[in-house]
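Numbering of the sequence shown is given in our numbering, commencing with residue 31 and proceeding in unit increments.
Every residue gets a Cβ at the ideal spot worked out from N, C-alpha and C, and that includes glycine.
Reviewing the structure listed below.
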Amino acid sequence: MTAKEFYTWLAYYKERPFGELRADYRTALNTQTLISPYLKESKPLQDFVLNFGESLPSADELRNKLEGVQKWLAEK
(Lines of atoms letter the chains of each structure in order from A; the text may use other names.)
(Lines give C-alpha, C1' and ligand atoms only; values in the text may rest on other atoms or scores of the structure.)
Protein backbone atom coordinates (compact mmCIF):
# COMPACT_ATOMS: atom_id res chain seq x y z
CA MET A 31 0.00 0.00 0.00
CA THR A 32 1.43 3.34 -0.95
CA ALA A 33 1.36 6.34 1.36
CA LYS A 34 -1.10 8.04 -0.97
CA GLU A 35 -3.45 5.07 -0.83
CA PHE A 36 -3.12 4.93 2.98
CA TYR A 37 -4.08 8.59 3.34
CA THR A 38 -6.97 8.11 0.93
CA TRP A 39 -8.32 5.31 3.13
CA LEU A 40 -7.71 7.42 6.24
CA ALA A 41 -9.75 10.27 4.77
CA TYR A 42 -12.52 7.83 3.81
CA TYR A 43 -12.54 6.39 7.34
CA LYS A 44 -12.92 9.86 8.85
CA GLU A 45 -16.02 10.46 6.75
CA ARG A 46 -17.50 6.96 6.98
CA PRO A 47 -16.08 4.97 9.89
CA PHE A 48 -16.04 1.20 9.55
CA GLY A 49 -14.65 -1.73 11.50
CA GLU A 50 -15.32 -3.45 14.81
CA LEU A 51 -15.74 -0.35 16.96
CA ARG A 52 -18.33 1.00 14.56
CA ALA A 53 -20.09 -2.38 14.59
CA ASP A 54 -20.11 -2.31 18.41
CA TYR A 55 -21.85 1.06 18.35
CA ARG A 56 -24.43 -0.16 15.83
CA THR A 57 -25.14 -3.19 18.00
CA ALA A 58 -25.37 -0.99 21.10
CA LEU A 59 -27.84 1.30 19.34
CA ASN A 60 -30.00 -1.67 18.32
CA THR A 61 -29.91 -3.03 21.87
CA GLN A 62 -30.76 0.35 23.37
CA THR A 63 -33.68 0.73 20.96
CA LEU A 64 -35.06 -2.72 21.77
CA ILE A 65 -34.71 -2.53 25.56
CA SER A 66 -35.75 1.12 26.11
CA PRO A 67 -39.53 0.47 26.29
CA TYR A 68 -38.91 -1.88 29.23
CA LEU A 69 -36.76 0.52 31.28
CA LYS A 70 -38.11 3.02 33.79
CA GLU A 71 -35.32 5.48 32.96
CA SER A 72 -33.47 5.82 29.68
CA LYS A 73 -29.85 4.69 29.59
CA PRO A 74 -27.09 6.36 27.58
CA LEU A 75 -25.80 4.56 24.52
CA GLN A 76 -22.41 4.05 26.18
CA ASP A 77 -24.07 1.71 28.72
CA PHE A 78 -24.73 -0.73 25.88
CA VAL A 79 -21.28 -0.66 24.26
CA LEU A 80 -19.02 -3.58 25.12
CA ASN A 81 -15.90 -2.57 27.00
CA PHE A 82 -13.05 -4.89 26.18
CA GLY A 83 -10.66 -3.07 28.52
CA GLU A 84 -12.26 -4.67 31.55
CA SER A 85 -11.42 -8.12 32.76
CA LEU A 86 -13.94 -10.86 32.07
CA PRO A 87 -16.45 -11.58 34.84
CA SER A 88 -16.20 -14.82 36.75
CA ALA A 89 -18.64 -17.67 36.18
CA ASP A 90 -20.39 -16.82 39.46
CA GLU A 91 -20.82 -13.17 38.43
CA LEU A 92 -22.29 -14.23 35.10
CA ARG A 93 -24.61 -16.71 36.79
CA ASN A 94 -25.83 -14.01 39.21
CA LYS A 95 -26.48 -11.58 36.36
CA LEU A 96 -28.35 -14.22 34.36
CA GLU A 97 -30.48 -15.14 37.37
CA GLY A 98 -31.30 -11.45 37.84
CA VAL A 99 -32.37 -11.12 34.21
CA GLN A 100 -34.47 -14.29 34.43
CA LYS A 101 -36.15 -12.99 37.59
CA TRP A 102 -36.82 -9.64 35.90
CA LEU A 103 -38.34 -11.37 32.86
CA ALA A 104 -40.50 -13.61 35.05
CA GLU A 105 -42.01 -10.52 36.70
CA LYS A 106 -43.13 -9.12 33.32
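Closest Cα partner of residue i within the set the options
i   : options             : result
T61 : Y68, L103, F78      : F78
L58 : R46, Q76, Y68       : Sequence check: residue 58 is Ala here, not Leu. Among R46, Q76, Y68, the Cα nearest to that of A58 belongs to Q76.
Y68 : R46, E97, G49, W102 : W102
Under the three-state DSSP convention, the category residue i falls into
i   : result
E71 : coil
R52 : helix
L80 : coil
Residues near residue i by beta carbon distance below 7 angstroms, same chain, minus five either side
i   : result
L80 : D54
Range covered by the alpha helix (DSSP H) that runs through residue i
i   : result
D90 : 89-105
T38 : 33-45
Sequence-distant residues of its chain with Cβ nearer than 8 angstroms to residue i (five each side left out)
i   : result
K95 : P87
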